[in-house]
Every structure is written in structure tokens, then in C-alpha cells.
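In the order they appear, the protein sequences are chains D and B. Following our numbering, the numbering of the first sequence begins with 1 at its first residue and continues without gaps. Following our numbering, the numbering of the second sequence begins with 1001 at its first residue and continues without gaps. In this text, a Cβ means the ideal position worked out from N, Cα and C, and glycines have one as well. Because the structure is a prediction, the values reported are computed rather than measured. Here the structure is laid out as C-alpha cells; the discussion comes afterwards.
Number of protein chains: 2
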Amino acid sequence: MTEFRFELHNTDGEARLGTLHTAHGTVQTPAFMPVGTAATVKAMSPADVRATGAEIILANTYHLMLRPTAERIARLGGLHAFMGWSRPILTDSGGYQVLSLSALRRIDEDGVTFRSHIDGSEHRLTPERAVDIQRLLGSDITMVLDECPAFGVPADEAAASMRRSLRWAERCRKAFEARPGHGLFGIVQGGVYADLRSESAAALCSIGFEGYAIGGLAVGETPAMMLSVAEATAAQLPTDQPRYLMGVGKPDQVVAAVLRGIDMFDCVLPTRSGRTGQAFTRAGTLNMRNARHVDDTQPLDAACRCPACSNFTRAYISHLTRSGEILGAMLLTGHNITFYQDVMAELRAVIASGNARPWADQFFARYGEGSG
Amino acid sequence: MTEFRFELHNTDGEARLGTLHTAHGTVQTPAFMPVGTAATVKAMSPADVRATGAEIILANTYHLMLRPTAERIARLGGLHAFMGWSRPILTDSGGYQVLSLSALRRIDEDGVTFRSHIDGSEHRLTPERAVDIQRLLGSDITMVLDECPAFGVPADEAAASMRRSLRWAERCRKAFEARPGHGLFGIVQGGVYADLRSESAAALCSIGFEGYAIGGLAVGETPAMMLSVAEATAAQLPTDQPRYLMGVGKPDQVVAAVLRGIDMFDCVLPTRSGRTGQAFTRAGTLNMRNARHVDDTQPLDAACRCPACSNFTRAYISHLTRSGEILGAMLLTGHNITFYQDVMAELRAVIASGNARPWADQFFARYGEGSG
Chain D
1 MTEFRFELHN TDGEARLGTL HTAHGTVQTP AFMPVGTAAT VKAMSPADVR ATGAEIILAN
61 TYHLMLRPTA ERIARLGGLH AFMGWSRPIL TDSGGYQVLS LSALRRIDED GVTFRSHIDG
121 SEHRLTPERA VDIQRLLGSD ITMVLDECPA FGVPADEAAA SMRRSLRWAE RCRKAFEARP
181 GHGLFGIVQG GVYADLRSES AAALCSIGFE GYAIGGLAVG ETPAMMLSVA EATAAQLPTD
241 QPRYLMGVGK PDQVVAAVLR GIDMFDCVLP TRSGRTGQAF TRAGTLNMRN ARHVDDTQPL
301 DAACRCPACS NFTRAYISHL TRSGEILGAM LLTGHNITFY QDVMAELRAV IASGNARPWA
361 DQFFARYGEG SG
Chain B
1001 MTEFRFELHN TDGEARLGTL HTAHGTVQTP AFMPVGTAAT VKAMSPADVR ATGAEIILAN
1061 TYHLMLRPTA ERIARLGGLH AFMGWSRPIL TDSGGYQVLS LSALRRIDED GVTFRSHIDG
1121 SEHRLTPERA VDIQRLLGSD ITMVLDECPA FGVPADEAAA SMRRSLRWAE RCRKAFEARP
1181 GHGLFGIVQG GVYADLRSES AAALCSIGFE GYAIGGLAVG ETPAMMLSVA EATAAQLPTD
1241 QPRYLMGVGK PDQVVAAVLR GIDMFDCVLP TRSGRTGQAF TRAGTLNMRN ARHVDDTQPL
1301 DAACRCPACS NFTRAYISHL TRSGEILGAM LLTGHNITFY QDVMAELRAV IASGNARPWA
1361 DQFFARYGEG SG
């Protein structure tokens, strides 16, 4: 039986090189998790996702509890079997999506009641139910139910919300059934207020989790503020456990956050951008709808190993994008996820060799640092 | 240099086993050509298409002349290089699509003027221009520009239209530049009128083409009438050249037409159905939106070798379809094209062994014969 644990191999400044051990295998960190909202990383097969180098994906409790339901997935053998992904899966708690449905939800001390965006049916999510759904899904990493307040709420509101999230985190910890190789992560909240973030981090550490996420960022604050809060928060988390910056982000933001001690990331950017015609490359981003690509016989990125770059020109991908063809979404999504995985692999290599800072400086020269 | 030629290996009743030799390789017949309208078989990579067993695809002149334009594709090295498909390509002449734009086109003796469905710009297609576009694309098989009248037009209208198509066919023959491995196909018209079909077939044979298509069917007549016209027409075409039934069809219609002497087919059905949640299987068709699949752990078709059937359950594919996920379209399209290719491979095997009729009878028992 695999124990759920984090091995820290090496540090370079604040940047960390590690391995996460889970019931479904290991994850080298820093790691970027492609988002597989509805039990599919959009426009890619699980084999395509694996070929990018991704070792772990994220799936969304909110979407899956509504369709096909957690109970159905459990009957069908769990999320790994259902979607054909045999490696680690992290699931969020559903809180972020539910609380984004501002017109459709009602929050109270016990939990949150909301209406489905699919059929308007009423549902209830409590800390206990969020943990149970993730158990039914079979997630390797379960996230606590938390409240993520909007950017710009005053300190007293942010404090009240963060303290309720702490009470929910305690209930999640109690509800979480220990299983070998499975872990529960707490989520630090507190908005952009340093004292609230410290209070949240300390309280979560005293409850004790298998990892710690930094939530409530990338919701409207500047990238510089996001990085500053992430850095200060990371410094207050245990060194021997993984740190996950939720919902971040652009390539330069991910690199900057790794330099500040973050181990895990997720973001819809590479997948969503792939469906809207944006390509991330070593020379910066390309908008494939732009007319300048229509006669360009270069690949998206000559240094990239993905199927799009091995087989097709910018001219063809531009044609597919402009024509709204599914193959365009398939190729660009695969390319973007490969790009993110290659950035993570390069980061791991330069952390191992103690060259993270100069490598990152070169990266920022192309991508900006902490861009908006 | 490959000569464009058709080798007839064997017959079984009217069914024929052959090989078509083209500049981009050989095609075993009977063959089903997946439709790659805009230089992509929707929701599949060229490698995915090849893995189904497909040896030739069809692309549409109308779509490509508008976007990205034939001239641009020629500058980029031709359609094979542009889309990354190195095997044979047949292109239609654009006539069928243009003439479907009933409100947007004006036909005269010289050709047809029409407005683009993309941006409303005015374009002109003549027999010479249709051949030139297909030369720019680099098609292995060029189709003559023809007029495909709507089903139900009176005999005098059908006759006038068919005779104009013959004059256009002659102009195409003159305009077609002989190149090794490239062929020009004539298209028999004449609606459902036997005498007109005979006149068209005889006139085309006297002009002389590298193959003969039967056009103007699958436009509203009953399947029985379609098969009857196809059979009678096929009987009037040279035995040593390929016969192509355009736009057909459902699996049983393809099988029935092979028994009547047809060698080549194209149809959007397997690809379009894949995007709307329909799966063709050895046991009949499945609508993956149907609630009865949501807990079904079987593959779509246990005897199928495609990625969908090797890796996923009906329950998962049903979830993808109901959720509008691109992976659902990818898996079902790949499955449906594989199904069609497997039907063709089985047909070739049973023609070789002289068992086409009993095999087809078993097939019709599951699929109906000449279904509507």
C-alpha cells in the first residue's frame, strides 16, 4: 500500500523539487495539472494527455456531482476507470464553482444550497458531502470545501469568510476517511490581507493536512499582488508537504510562483486557449486567428515535440481555427498542455542543477514577469 | 511514375474487388472515403483517419476555394502537404454545394455565379475553373463540374440539366491536364429517368474518363429507387474502370450498392453522426444520448478495434455526448469511420471468397436492406 507522502529532494532558493506519492502513482513537482472538468481534458484523449508528460489531472466536483453524479461514477468503478486515466487525480471541492453561481446559491454556516446550471434542480453541498463526493469519485487528492470571496471584499468580510472556511476545513478533516495513498488538502484563504492569510495558514497547520493549497487568488487582484500573497503564504506552510496554488495561471505566473516555493498548479488557460485559437510557444503567445499566420509554413514552436508541431504548419492550424474545426482545438490544446509540461520539466531540471533563477530570467525576458 | 489505373481482381455476382493506383498510392476497392470537407476529417487527425484503415479521403472544392483558397493551398505545397495526408485524395467539383445554395447562385451555360456562405463575396465556377482549382489542390481524382438537379424535377428539366452537364464534362476533359497518377471522373446524371441515365452514361463513355461517378442520387428518392438507378447505371459503365456512387450512404445502402457493382463511396454520415451522438455497430445503431446507456459498462461494439471501443464504456461515451464534450465527437467519429472501413474490408474478403451474397444477407438481417 502506497503511503500518501511528499518527498522533498532539493531546493534552489525557495524553489523546490519533489515527488508526491499517491495511490495511483507518483507526481514529480513542480507539477502542472491539466483541468479535466467533466471527466475529460477537453479535446484530448487520456492517452494524448499522458503523452504530454502530465502525471496528474484535476477534475471538478461541481460538474461531476450534477452529471453523471458521483454515485453513478462510483457504481462504474470510480473516476479513474470511468474516464480511462490511471494516474493521480485531484478533485476540487465544488465550492469555487458553486459560489460563482452568485444568483443561484445561498450560503449558511452548515453549507451551501444551489441550483444546477444544467436543469435548475436544487442541490446541497456541505463539508461532509463534498468529502463524500470526492470519496465516491476516488480522488487521490481531496480538497476541503471552502468559501472563496470575491476580490475586493473588505477585511471584516474576508475574515468572517476565512474563519467559516476554517470551521469547514475541520469538518472535512473529521469526515475524511483515511485510505492509503489518498490525501486531504486544506486551503488557505484570507484574501489579500496578510494577517488573515497568516491566521488561516496557522490554523490549517494545527488541524493538519496532507498538503496545503492557497485559494482565493487569481480572482481579480494584480499578478504582482497574487505572487506576493502566494510567496508570503508559502513561507508559513510546512516544508515537508506539498503546496498548491489554485487556478494559476499564465506561464510566467507559474514560473514566478515556483520561484516562490509553490509545488502544484492548475489552470484552464492552456485548454481553454486551445479552443479559442491561442498557442503558447517558447517565443511568446500566438493568436492563430491573426491573418499573419495564414501563409506561414513554420510549426507553432520548432522546439516542441507535440503532434501539432511535428506534423502541421501554422498556416494549416490557422485555417482550422478560422474555420472552427475541432481538429484545431485538438491540436492547440495538445500543444498548449505540452508547452506547460515542458516548462515544468525544465523547471525541475534547473532546480536540480541550482539554475532556477537564471533560467527563469530568460523565460521572463520572453514572457514578461507576473504579466496581467 | 505511377499510371492512374484500376485493376479488377475478381467479381462475385456484380460485386467487384479491385485496386486503384494513384500518384499517392493504391486504394483497395470497394472503398469508403471519409469526408474531409475543409481539409480535415472533422474531429480526427490524419493519423487517426489512417488508423481506421481508410486509404483515400474526399475533400470539398467549394469550401476550400473560399477558405483558405486553392491558390493558398497550392503555394503551401498542395492539399496533401497542407493537411498532412499523404495518401490519395478525391475532390468534388464544388458543383453540388454551390447548387445547394439555392438563394445565392445563378446558373448559366458557361458556369455558375454564387455568393460565399462565409462572407457573401461573389465567386464564379466554370468547368475550367473547377478543374483548375482541383489541379491547384493536387487531387489524385478530379471530378467534373456537373449540375445535380433536385429530386422530383420533371423529365424535360432533368434532360436539359443532364445535357448541360455533358457539355461541361467535355469542357472539363479538355481542361484537365494529364499528369501521371491523376485521373478525371465523369458523373452520370439524369435523375431517376432510365433513358436519361443511359444517354448520360453512353455520352460520358464516349468522351472517356478514368472513372465514372453516379451523381444526383441520395437527394430525396427512396433507397430502393436509388439502388435501382445505381444498379442500372453501373451495368452501362466500363468494367475496367472504377465506379463511384456519390454521397451514399447508410451502411446497408453501401453494402447493397457493392452487390450492384459499385466500387467507391463517400458520405458525411459516419462523421456527422459521430458529432451528434450516433454510433454504428455490428448490432445496429446506438443513440448515445439515450438514457439506457448511462450505466452500461460495455464498449460500443465488442468486436471493434477502435480507440473508443478499446478504452471506454458506453456509459462514459454517453456522458461525453450528453455533456457536449469534444472527446465524445472524437471517439464516436473514429468509431464510425472504423466501422465503415471494417465493413468495406469484410466486403472485400467475401468478394474474394465468393461469399458476398450470404455475408450481405446476414448484414441486412441486422441493418435492414435499403433502409430509409
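Inset, instruction - Mind checking the segment 1292-1310 of chain B against chain D and listing, in chain order, the residues whose C-beta falls within less than 8 Å of any C-beta there? - result: 1294, 1295, 1297, 1307
Inset, instruction - Note down, in chain order, all residues in the segment 1072-1100 of chain B with a beta-carbon under 7 Å from any beta-carbon belonging to chain D. - result: Answer in chain order: 1072, 1075, 1076, 1082, 1083, 1084.
Legend entry - 7 Å Cβ cut-off: residues of chain B touching residue 38 of chain D: Indexing the first sequence from 1 puts residue 38 of chain D at position 38. Per Cβ cutoff of 7 Å: 1323, 1325.
Inset, instruction - Quick one: using the 10 Å Cβ neighbour count with 16 as the cut-off for buried, is residue 1030 of chain B buried or exposed? - result: As a first step, residue 1030 of chain B is located in the second sequence; it is residue number 30 there, counting from the start. Under this definition residue 1030 of chain B is a buried residue.
Inset, instruction - Answer with yes or no whether the minimum CB distance from residue 1042 of chain B to chain D is below 7 Å. - result: Sequence index remark: in the second sequence, residue 1042 of chain B carries index 42 (1-based). Yes, residue 1042 of chain B lies at the interface with chain D (some Cβ there is under 7 Å from its Cβ).
Legend entry - Residue burial classification, residue 353 of chain D (beta-carbon count within 10 angstroms, cutoff 16): The residue you call residue 353 of chain D lines up with position 353 of the first sequence. Exposed, because fewer than 16 other Cβ atoms sit within 10 Å of the Cβ of residue 353 of chain D.
Inset, instruction - Output, in sequence order along the chain, the residues in the segment 50-72 of chain D whose CB is closer than 7 Å to any CB in chain B. - result: 67, 68, 72
Legend entry - is_contact[residue 1315 of chain B, chain D] using C-beta, thresh 7 Å: Along the second sequence, read from residue 1 onward, the residue named residue 1315 of chain B stands at position 315. Answer yes: the Cβ-Cβ gap between residue 1315 of chain B and chain D drops below 7 Å somewhere.
Legend entry - Per-residue DSSP class, three states only, for residue 1367 of chain B: Numbered from its first residue, the second sequence carries residue 1367 of chain B at position 367. Helix at residue 1367 of chain B.
Inset, instruction - Work out the CA separation of residue 1117 of chain B and residue 1000 of chain B for me, nearest whole Å. - result: Nothing about residue 1000 of chain B can be read from this structure; chain B reaches only from 1001 to 1372.
Inset, instruction - Note down the Cα distance separating residue 106 of chain D from residue 271 of chain D, rounded to an integer number of angstroms. - result: As a working mapping, residue 106 of chain D is identified with position 106 in the first sequence. As a working mapping, residue 271 of chain D is identified with position 271 in the first sequence. If you take the alpha carbons of residue 106 of chain D and residue 271 of chain D, they lie about 31 Å apart.
Inset, instruction - Using alpha carbons as the reference points, say which of B/1109, B/1297, B/1242 lies closest to residue 1125 of chain B. - result: Numbered from its first residue, the second sequence carries residue 1125 of chain B at position 125. Closest option to residue 1125 of chain B, Cα to Cα, is B/1109.
Inset, instruction - Compute the Euclidean distance between the alpha carbons of residue 264 of chain D and residue 1326 of chain B, then round it to the nearest angstrom. - result: Sequence index remark: in the first sequence, residue 264 of chain D carries index 264 (1-based). Sequence index remark: in the second sequence, residue 1326 of chain B carries index 326 (1-based). Looking at the two C-alpha atoms, the distance is approximately 27 Å.
Inset, instruction - Answer yes or no: does any C-beta atom of chain D fall closer than 7 Å to that of residue 1335 of chain B? - result: Reading the second sequence from its first residue, position 335 is the one you call residue 1335 of chain B. No, its Cβ sits nowhere closer than 7 Å to a Cβ of chain D.
Legend entry - Reduced DSSP secondary structure (H/G/I, E/B, other) of residue 1175 of chain B: Here residue 1175 of chain B refers to the residue found at position 175 of the second sequence. Three-state result, residue 1175 of chain B: helix.
Inset, instruction - Could you tell me whether any Cβ in chain B is nearer than 7 Å to the Cβ of residue 319 of chain D? - result: The residue labelled residue 319 of chain D in the question sits at position 319 within the first sequence. Yes, its Cβ sits closer than 7 Å to a Cβ of chain B.
Inset, instruction - Determine, using beta carbons only, whether residue 363 of chain D comes closer than 7 Å to chain B. - result: As a working note, residue 363 of chain D is residue 363 in the first sequence. Chain B contact via Cβ: absent.
Legend entry - Partner residues on chain D for residue 1033 of chain B, Cβ-Cβ distance less than 9 Å: Taking the first residue of the second sequence as position 1, residue 1033 of chain B is located at position 33. Ordered by position in chain D, no residue passes the 9 Å Cβ test against residue 1033 of chain B, which lies about 18 Å from the chain.
Legend entry - Within 7 Å, strictly: CB atoms of residue 144 of chain D and residue 169 of chain D: Looking up residue 144 of chain D in the first sequence gives position 144. Looking up residue 169 of chain D in the first sequence gives position 169. Yes, these two residues count as a Cβ contact at 7 Å.
Legend entry - Residue-chain proximity (residue 339 of chain D, chain B), Cβ-Cβ < 7 Å: What you label residue 339 of chain D is simply residue 339 of the first sequence in a count that begins at 1. Taking Cβ atoms only, chain B never reaches closer than 7 Å to residue 339 of chain D, which makes this a no.
Legend entry - As assigned by DSSP and simplified to three states, the class of residue 10 of chain D: If you number the first sequence from 1, residue 10 of chain D lands on position 10. Reduced to three states, the DSSP call for residue 10 of chain D is strand.
Legend entry - Spatial distance of residue 127 of chain D from residue 111 of chain D (CA atoms): As a working note, residue 127 of chain D is residue 127 in the first sequence. As a working note, residue 111 of chain D is residue 111 in the first sequence. Each residue's Cα considered, the two are about 7 Å apart.
Legend entry - Classification of residue 303 of chain D by the beta-carbon crowding that lies within 10 angstroms, buried from 16 upward: Taking the first sequence and counting its residues from 1, one reaches residue 303 of chain D at position 303. Looking at its Cβ environment, which holds fewer than 16 other Cβ atoms inside 10 Å, residue 303 of chain D is exposed.
Legend entry - Boundaries (first-last residue) of the alpha helix (DSSP H) holding residue 1227 of chain B: Against the second sequence, residue 1227 of chain B aligns to sequence position 227. Looking at the DSSP string, the run of the alpha helix (DSSP H) that includes residue 1227 of chain B is 1223-1234.
Legend entry - Counterpart residues of residue 1032 of chain B in DSSP-defined beta bridges: Reading the second sequence from its first residue, position 32 is the one you call residue 1032 of chain B. DSSP lists B/1265 as partners of residue 1032 of chain B.
Legend entry - DSSP bridge partner residues for residue 1278 of chain B (one or two, in chain order): Taking the second sequence and counting its residues from 1, the one referred to as residue 1278 of chain B is at position 278. Note: residue 1278 of chain B sits in a beta bridge opposite B/1287.
Inset, instruction - Can you tell me which of B/1073, B/1067, B/1154, B/1367 puts its alpha carbon nearest to the alpha carbon of residue 1120 of chain B? - result: Counted from its first residue, the second sequence places residue 1120 of chain B at position 120. The candidate whose alpha carbon is nearest that of residue 1120 of chain B is B/1067.
Inset, instruction - Report all residues from its chain with a CB closer than 6 Å to the CB of residue 36 of chain D; omit the five preceding and five following residues, and keep chain order. - result: In the first sequence, residue 36 of chain D corresponds to position 36, counting from 1. In its chain, beyond the 5 residues on either side, 57, 59 have a beta carbon closer than 6 Å to the beta carbon of residue 36 of chain D.
Inset, instruction - Buried or exposed for residue 10 of chain D, please, with buried defined as at least 16 other CB atoms from any protein chain shown within 10 angstroms of its CB. - result: Start at 1 with the first residue of the first sequence, and residue 10 of chain D comes out as number 10. The residue is exposed, with fewer than 16 neighbouring Cβ atoms inside 10 Å.
Inset, instruction - Between the Cα of residue 1053 of chain B and those of B/1349, B/1356, B/1341, B/1361, spot the shortest distance and give me the residue it belongs to. - result: Within the second sequence, numbered from 1, the residue matching residue 1053 of chain B stands at position 53. Of the listed residues, the one whose Cα sits closest to residue 1053 of chain B is B/1341.
Inset, instruction - State the Cα-Cα distance for the pair residue 357 of chain D and residue 230 of chain D, rounded to the nearest angstrom. - result: What you label residue 357 of chain D is simply residue 357 of the first sequence in a count that begins at 1. What you label residue 230 of chain D is simply residue 230 of the first sequence in a count that begins at 1. Straight-line Cα distance between these residues: approximately 18 Å.
Inset, instruction - Quick one: give me the first and last residue of the beta strand (DSSP E) that residue 122 of chain D is part of. - result: To locate residue 122 of chain D, count along the first sequence from 1; it is residue 122. Residue 122 of chain D: member of the beta strand (DSSP E) spanning 122-125, first to last residue.
Inset, instruction - For residue 329 of chain D, return the contacting residues in chain B, with the cut-off set at a CB-CB distance below 7 Å. - result: Start at 1 with the first residue of the first sequence, and residue 329 of chain D comes out as number 329. Those are 1326, listed as they occur along chain B.
Inset, instruction - Less than 8 Å between the CB atoms is what I'm expecting for residue 1285 of chain B and residue 1279 of chain B, so what's the real figure, rounded? - result: What you label residue 1285 of chain B is simply residue 285 of the second sequence in a count that begins at 1. What you label residue 1279 of chain B is simply residue 279 of the second sequence in a count that begins at 1. Residue 1279 of chain B and residue 1285 of chain B do touch by the CB rule: their CB atoms are close to 7 Å apart, below 8 Å.
Legend entry - CB contact check: residue 6 of chain D to chain B, cutoff 7 Å: One-based indexing of the first sequence puts residue 6 of chain D at position 6. Not closer than 7 Å to any Cβ of chain B, the Cβ of residue 6 of chain D fails to qualify, so no.
Legend entry - Cβ of residue 312 of chain D within 7 Å of any chain B Cβ: Taking the first sequence and counting its residues from 1, one reaches residue 312 of chain D at position 312. Residue 312 of chain D counts as touching chain B.
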